[in-house]
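*Asks:*
Protein chains: 2
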Amino acid sequence: MSASTSSLAALAPTGRDARLLMRSGRYGGHTAGMAPGHVQGNLAILPKAQADDFLRFCQRNPKPCPLLAVSEPGDPALPTLGDDIDIRSDLPLYRVWRDGVLVDEVEDIGTLWRDDLVSFVIGCSFSFEEALLEAGVPLRHVAEGRNVAMYRTNLPTVPAGIFQGPLVVSMRPMKAADAIRAVQVTSRFPQVHGAPVHIGRPDLIGIADLGAPDFGEPVAVMDDELPVFWACGVTPQSVVMAAKPSFCITHAPGCMLVTDWLNHRIASF
Amino acid sequence: MSASTSSLAALAPTGRDARLLMRSGRYGGHTAGMAPGHVQGNLAILPKAQADDFLRFCQRNPKPCPLLAVSEPGDPALPTLGDDIDIRSDLPLYRVWRDGVLVDEVEDIGTLWRDDLVSFVIGCSFSFEEALLEAGVPLRHVAEGRNVAMYRTNLPTVPAGIFQGPLVVSMRPMKAADAIRAVQVTSRFPQVHGAPVHIGRPDLIGIADLGAPDFGEPVAVMDDELPVFWACGVTPQSVVMAAKPSFCITHAPGCMLVTDWLNHRIASF
Numbered sequence: 003m004s005a006s007t008s009s010l011a012a013l014a015p016t017g018r019d020a021r022l023l024m025r026s027g028r029y030g031g032h033t034a035g036m037a038p039g040h041v042q043g044n045l046a047i048l049p050k051a052q053a054d055d056f057l058r059f060c061q062r063n064p065k066p067c068p069l070l071a072v073s074e075p076g077d078p079a080l081p082t083l084g085d086d087i088d089i090r091s092d093l094p095l096y097r098v099w100r101d102g103v104l105v106d107e108v109e110d111i112g113t114l115w116r117d118d119l120v121s122f123v124i125g126c127s128f129s130f131e132e133a134l135l136e137a138g139v140p141l142r143h144v145a146e147g148r149n150v151a152m153y154r155t156n157l158p159t160v161p162a163g164i165f166q167g168p169l170v171v172s173m174r175p176m177k178a179a180d181a182i183r184a185v186q187v188t189s190r191f192p193q194v195h196g197a198p199v200h201i202g203r204p205d206l207i208g209i210a211d212l213g214a215p216d217f218g219e220p221v222a223v224m225d226d227e228l229p230v231f232w233a234c235g236v237t238p239q240s241v242v243m244a245a246k247p248s249f250c251i252t253h254a255p256g257c258m259l260v261t262d263w264l265n266h267r268i269a270s271f
Numbered sequence: 003m004s005a006s007t008s009s010l011a012a013l014a015p016t017g018r019d020a021r022l023l024m025r026s027g028r029y030g031g032h033t034a035g036m037a038p039g040h041v042q043g044n045l046a047i048l049p050k051a052q053a054d055d056f057l058r059f060c061q062r063n064p065k066p067c068p069l070l071a072v073s074e075p076g077d078p079a080l081p082t083l084g085d086d087i088d089i090r091s092d093l094p095l096y097r098v099w100r101d102g103v104l105v106d107e108v109e110d111i112g113t114l115w116r117d118d119l120v121s122f123v124i125g126c127s128f129s130f131e132e133a134l135l136e137a138g139v140p141l142r143h144v145a146e147g148r149n150v151a152m153y154r155t156n157l158p159t160v161p162a163g164i165f166q167g168p169l170v171v172s173m174r175p176m177k178a179a180d181a182i183r184a185v186q187v188t189s190r191f192p193q194v195h196g197a198p199v200h201i202g203r204p205d206l207i208g209i210a211d212l213g214a215p216d217f218g219e220p221v222a223v224m225d226d227e228l229p230v231f232w233a234c235g236v237t238p239q240s241v242v243m244a245a246k247p248s249f250c251i252t253h254a255p256g257c258m259l260v261t262d263w264l265n266h267r268i269a270s271f
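Each protein sequence line maps, in turn, to chains A and B.
If you count by this note's numbering, then the first sequence holds residues 3 to 271, one letter each, in order.
If you count by this note's numbering, then the second sequence holds residues 3 to 271, one letter each, in order.
(1) Indicate whether at least one CB of chain A lies closer than 8 Å to the CB of V144 of chain B.
(2) What are the uninterrupted segments assigned as beta strand (DSSP E) that are 3 or more residues long and contained completely in the segment 215-247 of chain A, given in chain order?
(3) Mind checking who N156 of chain B pairs with in its DSSP beta bridge?
(4) Of all the CB atoms in chain B, is at least one closer than 8 Å to the CB of S189 of chain A?
(5) Between the segment 31-47 of chain A and the segment 124-131 of chain A, do three or more beta carbon pairs fall short of 8 Å?
(6) If you draw a straight line from the C-alpha of F231 of chain B to the C-alpha of H266 of chain B, how long is it?
(7) May I ask you to list, following chain order, the residues of the segment 194-216 of chain A that have a beta carbon less than 8 Å from some beta carbon of chain B?
(8) Less than 8 Å between CB atoms is the rule here; does D2 of chain A satisfy it with respect to chain B?
(9) Who are the near neighbours of A79 of chain B in its chain, counting only those whose CB is closer than 8 Å to its CB and skipping five residues on each side?
(10) Less than 8 Å between the C-beta atoms of T155 of chain B and V171 of chain B, yes or no?
(11) Does DSSP put P2 of chain A in a helix, in a strand, or in coil?
(12) Which of helix, strand or coil does DSSP assign to A46 of chain B?
(13) Please list the partners that Q186 of chain A has in chain B, where partner means a Cβ-to-Cβ separation under 7 Å.
(14) For F271 of chain A, count neighbouring Cβ atoms within 10 angstroms of its own Cβ and tell me buried if that reaches 16, exposed if not.
(15) Given that a residue counts as buried once 16 or more other Cβ atoms are within 10 Å of its Cβ, and exposed if not, what is Q239 of chain B?
(16) In its own chain, which residues sit with a C-beta less than 8 Å from the C-beta of D85 of chain A, not counting the 5 before and 5 after it?
(17) List the endpoints of the continuous alpha helix (DSSP H) containing G17 of chain B.
(18) Leaving out the 5 sequence neighbours to the left and right, which residues in its chain are closer than 7 Å to Q193 of chain B when beta-carbon positions are compared?
(19) Whole angstroms is fine: what's the gap from G76 of chain B's alpha carbon to W115 of chain B's?
(20) Under a Cβ-count criterion, where at least 16 other Cβ atoms within 10 Å of its own Cβ denotes burial, should L104 of chain A be classed as buried or exposed?
(21) Please work out which residues of its chain come closer than 8 Å, Cβ to Cβ, to L264 of chain B, disregarding the five sequence neighbours upstream and downstream, and give them in chain order.
(22) Count the other C-beta atoms from every protein chain shown that fall within 10 angstroms of the C-beta of V160 of chain B, then say buried if there are 16 or more, exposed otherwise.
(23) For E176 of chain B, list the residues DSSP reports as bridge partners.
(24) Starting from H253 of chain B, follow the beta strand (DSSP E) in both directions and report where the run begins and ends.
(25) Can you tell which of B:D92, B:W99, B:P64 has the C-alpha that lies nearest to the C-alpha of K246 of chain B?
(26) Tell me E107 of chain A's beta-bridge partners as DSSP assigns them.
(27) Kindly identify the DSSP beta-bridge partner or partners of P168 of chain A.
(28) Helix, strand or coil for T82 of chain A? Go by DSSP, reduced to three states.
(29) Could you compute how far the alpha carbon of R62 of chain A sits from the alpha carbon of S26 of chain B?
(30) Is DSSP giving G112 of chain B helix, strand or coil here?
(31) Answer yes if the segment 10-29 of chain A comes into contact with the segment 221-229 of chain A, meaning at least three C-beta pairs across the two stretches below 8 Å, and no otherwise.
(32) Alpha carbon to alpha carbon, how far is A34 of chain A from F128 of chain A? Give it in angstroms, no decimals.
(33) I need the boundaries of the alpha helix (DSSP H) containing F130 of chain B, first residue and last residue.
(34) Taking 7 Å as the limit between beta carbons, can you name the residues of its chain near L95 of chain B, skipping five residues before and five after?
(35) Ends of the alpha helix (DSSP H) at V144 of chain A?
(36) Taking the alpha carbon of A162 of chain A as the reference point, which residue from A:A37, A:Q52, A:R148 has its own alpha carbon closest?
Have a look at this one:
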């Protein structure tokens with residue numbers, strides 16, 4: 003089943019609608035465009051043995067890893083994000099990792115569930131991108147229907163236990179006045195990466211070629227534009243894969259948890 | 003009489019102390035460093051015949067011309083900025099202009115006062131510079147004891163009556179992370195120019211050579227820094243001079259009105 007963004011909004015106008023659709027098994031695609039105005043989150047599920055380290059890692063690196071919720075061990079519920087959430091079935095597609103290697107993609111993780119699994123839901127840039135578009139700041143990758151360009155930097159994260167590695171950033175090209183407005187708008191959203199971490203020269207943060215992103219797809223940067231860089235939720239995924247935990251489940255790219263939270267409600271000021 | 007910044011603070015710890023010192027005629031120097039934490043303002047005094055146009059000009063161009071107060075015609079008081087202010091004596095040094103030409107510098111304008119004069123007090127960057135330094139953002143021109151570098155741009159202001167002309171900006175070089183922090187900090191201060199108007203390439207706003215400012219003194223921009231540009235209070239002075247009103251009084255550069263307002267009180271959020 004595939005659908006355009008507008009029909010996705012009609013199909014699932016609320017977070018609960020989106021989750022019930024996933025839970026029914028009738029939809030396994032991307033969540034962009036579903037439940038407009040609702041916060042979506044990245045997912046990482048780890049055994050308790052690694053989860054404590056990972057929680058400290060997120061606490062120490064709030065810009066790439068802004069935690070929206072952490073579950074009780076073995077409990078598939080996340081009541082602060084939505085009172086009916088079952089994390090085993092409510093995302094369209096999951097990735098299963100063993101020893102840092104992707105071993106499967108599945109639409110339901112009920113049969114993989116264990117009493118020691120802890121779910122981490124991490125804010126994603128969909129929320130601030132909605133706010134940027136509402137503020138009249140154009141986003142080229144959205145206009146062109148591409149994934150945002152993402153790059154490994156030479157900026158370190160603060161390690162915790164087995165978790166360490168470089169910051170991954172997303173890049174959006176903007177005219178200077180829009181870049182200034184974007185700092186203002188995204189500063190209001192600390193739970194979804196907040197303000198940019200860098201503006202301007204990519205080489206200063208270890209990016210050699212903007213045309214060759216490490217993740218996502220490249221977009222053009224015009225002569226009168228600045229590249230603007232935000233801490234990216236791919237950072238924790240990259241760090242988790244590098245740590246090679248014995249077992250891990252994540253969302254598949256673009257297949258997020260849709261929550262009951264409203265983007266406008268998580269804005270400061 | 004001259005004094006270091008720290009002794010100026012001791013000499014005039016409050017706005018009222020500063021104004022009484024000026025009124026006594028015992029001090030004719032710069033006000034930077036006086037009454038730390040208090041808002042200082044640029045001054046423009048115009049006959050009522052031109053003042054109405056100028057008020058509309060300020061209303062239409064709030065980033066370069068953020069009005070802190072406008073007096074009643076002929077009234078030397080500005081009660082909202084300090085209950086004892088006499089604008090004829092409370093600045094250290096004034097400039098007198100006739101037909102757009104500087105004709106005198108005086109420490110008191112009592113003998114020049116007229117029943118039709120209207121005083122405009124316009125926010126200045128001292129307030130946001132204090133906030134930037136408190137936020138740990140280094141300011142090279144402050145560290146080097148220079149006037150900030152200012153440039154005429156090719157960005158137009160919105161005209162009103164006889165008043166029109168290009169935006170003048172001040173430039174402060176910063177590392178990218180500090181530039182982002184500076185957007186956040188100065189956005190909180192709309193009454194003293196607010197957020198930057200441009201970041202990065204000076205040629206995009208009509209500045210050919212950062213080493214040759216139109217006003218103030220140049221500062222170095224290091225290889226890993228971005229030039230960050232703010233709308234500047236020299237804009238209204240430049241516009242007034244170009245309009246060549248028959249009569250006008252301004253503060254002399256660096257010789258501001260020290261108010262009773264606290265910088266922290268004019269911050270948003």
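Note that the Cβ used here is the ideal one computed from N, Cα and C, for glycine as well.
*Replies:* For this structure:
(1) no
(2) 228-233
(3) DSSP, once it has assigned bridges, lists no residue as partnering N156 of chain B.
(4) yes
(5) yes
(6) 23 Å
(7) Correct list: A197, P198, V199, H200, I201, G202, R203, L206.
(8) Here chain A covers residues 3 to 271 and nothing more, so residue 2 of chain A does not appear.
(9) S73, I87, D88, I89
(10) yes
(11) Since the displayed chain A opens at 3 and closes at 271, residue 2 of chain A lies outside it and no answer follows.
(12) strand
(13) V185, S189, A197
(14) exposed
(15) buried
(16) If we look at D85 of chain A and ignore the five residues flanking it on each side, its Cβ neighbours are D262.
(17) 17-25
(18) P68, L70, G125, I268
(19) 8 Å
(20) Exposed, by the Cβ-count rule.
(21) G39, H40, V41
(22) exposed
(23) The residue asked about is misnamed: residue 176 of chain B is Met in this sequence, not Glu. Answer is B:L228.
(24) That run of the beta strand (DSSP E) goes 250-253.
(25) Nearest C-alpha to K246 of chain B: B:W99.
(26) A:R97
(27) A:P158
(28) coil
(29) Straight-line Cα distance between these residues: approximately 56 Å.
(30) helix
(31) Contact fails: fewer than three Cβ-Cβ distances are below 8 Å.
(32) 8 Å
(33) 128-136
(34) G30, E107, E109, A254, C257
(35) 142-145
(36) A:Q52
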